[in-house]
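Engineer:
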Amino acid sequence: FPTEFLKVLASRFVILLAVHVFDQAKTIGTSLVFAVGAKEVPSFRMIERHYFRGKLLKSFDFTLGFCMPNSKNTWEVIYTLPA
10 FPTEFLKVLA
20 SRFVILLAVH
30 VFDQAKTIGT
40 SLVFAVGAKE
50 VPSFRMIERH
60 YFRGKLLKSF
70 DFTLGFCMPN
80 SKNTWEVIYT
90 LPA
């Protein structure tokens with residue numbers, strides 16, 4: 010793949026390969042740090058999807074609201090896993 014395509018892909022997706030960790034974990038967390046450029050973002054939307062072997066397990070749709078221009082932001086979520 011071209012380098013520019015891989016940069017865009019890496020900026021939009023997180024790939025987790027340590028699947029065996031989910032067998033024993035009671036909670037998992039995700040953390041995302043993102044920066045906003047010179048223009049504000051009036052309504053930032055993030056869709057988080059968790060797959061296992063190509064099957065969608067969970068899907069979350071978040072709207073963070075207004076994000077200030079030239080800001081660095083952190084979004085963290087802790088999920089409790091079923092026993």
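FYI, in this note's numbering the residues of the sequence shown are 10 to 92.
Where is the CB? At the ideal position from N, CA and C, for every residue including glycine.
Can the beta-carbon of glutamate 85 be found closer than 7 Å to that of phenylalanine 69?
Structural biologist: For glutamate 85 and phenylalanine 69, no; Cβs fall outside 7 Å.
Engineer: Taking the runs of the beta strand (DSSP E) that are 3 residues or longer, which of them lie wholly in the region 37 to 62?
Structural biologist: Complete beta strand (DSSP E) runs here, min 3: 50 to 61.
Engineer: Grab the span of the beta strand (DSSP E) containing leucine 73 for me, first residue to last.
Structural biologist: From DSSP, the beta strand (DSSP E) with leucine 73 extends over 64 to 76.
Engineer: Keeping to the same chain, check which residues put their C-beta closer than 6 Å to that of leucine 41; ignore five residues upstream and five downstream.
Structural biologist: Cβ neighbours of leucine 41 beyond the five flanking positions: Trp84.
Engineer: Compute the Euclidean distance between the alpha carbons of proline 51 and phenylalanine 75, then round it to the nearest angstrom.
Structural biologist: So the two alpha carbons sit approximately 5 Å from each other.
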